[in-house]
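**Student:**
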Amino acid sequence: MKAIVVGCGAVGTVLAVALSLGGAEVVVASRRASGCSQRMAEARGLGGSMVSVCDWTHLPKEVDVMVFATKAYDLPSAVNAAKDLGLRPRLAVSVQNGLGSLELIEEAFDSAAGMLIYFGSTGLSECSALYTGGRRVVAGCRRDCDEGALRELLDAIASAGLSPEKVSRDEFEGERWLKLATNAAINPLTLIAWSRNGEIVRDERLRALASALADEVGRVARGLGIRLPEDPVEAALRTASDTSANCSSSVQDVAAGKRTELRYINGAVWEASLKLNFRASLNLFAYLAGEAASEWLKGRRSPCEG
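In the working numbering, the protein residues as written are 106 to 411.
1. Using only CA atoms, which one of VAL156, SER125, GLY152 lies nearest to SER135?
2. For the alpha helix (DSSP H) that contains LYS176, what are its first and last residues?
3. Is DSSP giving TYR369 helix, strand or coil here?
4. Name the residue from GLY372, GLY191, SER216 whose alpha carbon lies nearest to the alpha carbon of ALA177.
5. When the distance is taken between beta carbons, is LEU285 closer than 8 Å to PRO269?
6. What's the call for ARG312, buried or exposed, on a 16-neighbour Cβ count within 10 Å?
7. How close, in whole Å, do the beta carbons of SER349 and ASN302 come, if the pair is a contact with beta carbons under 8 Å?
8. Report yes or no: do three or more beta-carbon pairs, one from the stretch 169–188 and one from the stretch 205–218, lie closer than 8 Å?
9. For the stretch 166–177 against the stretch 277–295, do three or more pairs of beta-carbon atoms, one drawn from each stretch, fall closer than 8 Å, so that the two count as touching?
10. From which residue to which residue does the alpha helix (DSSP H) around TYR223 run?
11. Could you tell me the distance, in whole angstroms, from the CA atom of ALA187 to the CA atom of TYR236?
12. On a CA-only basis, which of MET145, GLY205, LYS107 is nearest GLU130? Give me that one, please.
13. Please classify GLU208: does DSSP put it in a helix, a strand, or coil?
14. When burial is assigned at 16 or more other CB atoms within 10 Å of the CB, is LYS330 buried or exposed?
15. What separation, rounded to the nearest whole angstrom, lies between the Cα atoms of LEU120 and LEU204?
16. My output table needs one value for GLN357: the three-state DSSP class, helix, strand or coil.
17. Can you tell me whether GLU231 is helix, strand or coil according to DSSP?
18. State yes or no: is the beta carbon of ALA313 nearer than 8 Å to at least one beta carbon in chain D?
19. Excluding the 5 residues flanking ALA317 on each side, which residues of the same chain have their C-beta closer than 8 Å to its C-beta?
20. Go to SER154, then tell me how far its beta strand (DSSP E) extends in each direction, as first and last residue.
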């Protein structure tokens with residue numbers, strides 16, 4: 106199997122390494138590269154493997170899988186670049202947090218799937234990350250897609266030690282909203298508290314806030330007719346516990362001086378609630394408070410350092 110991974114940050118690095126260890130030929134798309142070169146991609150705690158790192162103009166036109174592991178706000182430019190260059194993957198995969206990214210990839214490519222990431226990872230540098238635990242990955246398609254390519258992808262990362270699950274079309278939207286509830290509870294609170302994920306379950310105040318946020322996401326999902334596979338509060342608290350040593354992507358982004366994805370997480374929950382007869386006010390507050398906090402926390406030393 107030949108795979109392109111777009112974005113070699115915390116999540117992209119782990120997936121690139123897992124794919125390569127699982128026998129795939131991996132090409133990393135990098136705007137910093139010139140031509141193509143071989144590089145060791147390393148996910149400490151999982152393994153390392155040689156991958157090709159290429160600029161966009163040197164990417165192979167036809168591949169089995171193209172995994173978009175950019176930030177949600179960078180995805181439109183990455184998708185446009187892929188389309189402009191005539192890249193034709195059998196399957197395009199979104200791994201972004203929140204809502205909107207899978208919809209964009211579904212619109213751009215004939216065959217698209219979503220992948221929900223439950224492992225923890227911290228980006229160190231391009232194609233270098235710290236894998237901090239958790240192995241679950243949930244994948245599925247919301248419409249017709251190349252099921253064979255998806256199976257090859259999941260088999261490869263399973264061979265590297267991750268635990269992928271393929272769910273049906275009917276089940277995937279519920280899984281996606283369950284993951285949304287988890288991110289909506291963990292990301293803004295760890296950002297505001299400037300803490301690792303484990304503080305969500307250790308601190309009674311954060312635990313109560315996280316529970317309320319996740320519960321509100323569940324209410325929105327039910328209002329939209331989406332059935333969650335389990336209680337969103339239990340899922341959020343379990344994930345915080347399972348990834349207790351990890352820093353959320355929002356903390357990592359702000360520590361690196363970057364934007365957060367809260368607009369696509371809590372902000373998206375608020376927007377979805379506008380279709381219903383109640384408003385997800387807690388998620389709106391978490392979105393706005395997190396964005397405000399990010400302005401004065403930007404560039405601060407990460408709580409995961411040292």
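Even glycine gets a Cβ: it sits at the ideal position worked out from N, Cα and C.
Values in this document were obtained by computation on a predicted structure and should not be read as measured data.
**Tutor:** This is what the structure holds:
1. Ranking VAL156, SER125, GLY152 by Cα distance to SER135 puts VAL156 first.
2. Per DSSP, LYS176 belongs to no alpha helix (DSSP H) and is neither H nor E.
3. TYR369 falls in the helix class under three-state DSSP.
4. Among GLY372, GLY191, SER216, the Cα nearest to that of ALA177 is on GLY372.
5. Their beta carbons are not under 8 Å apart, which means PRO269 does not touch LEU285 by this criterion.
6. So ARG312 ends up on the buried side.
7. The beta-carbon separation of SER349 and ASN302, rounded to 6 Å, stays under the 8 Å limit for a contact.
8. Yes, since at least three Cβ pairs between the stretch 169–188 and the stretch 205–218 fall closer than 8 Å, the two stretches touch.
9. Fewer than three Cβ pairs drawn from the stretch 166–177 and the stretch 277–295 lie within less than 8 Å of each other, which leaves the two stretches out of contact.
10. Per DSSP, TYR223 belongs to no alpha helix (DSSP H) and is neither H nor E.
11. For ALA187 and TYR236, the gap between their C-alpha atoms comes out near 28 Å.
12. Minimum Cα distance to GLU130 is reached at LYS107.
13. The DSSP-derived three-state label of GLU208 is helix.
14. Contrary to the premise, residue 330 reads as Gly rather than Lys in this sequence. Around the Cβ of GLY330, a 10 Å sphere holds fewer than 16 other Cβ atoms; the residue is exposed.
15. In this structure, the alpha-carbon of LEU120 lies about 21 Å from that of LEU204.
16. For GLN357, the three-state secondary structure derived from DSSP is helix.
17. Residue state, collapsed to three classes: coil.
18. Protein chains in the displayed structure number just one, and chain D is not present.
19. Cβ neighbours of ALA317 beyond the five flanking positions: LEU387.
20. Element bounds for SER154: 152–159.
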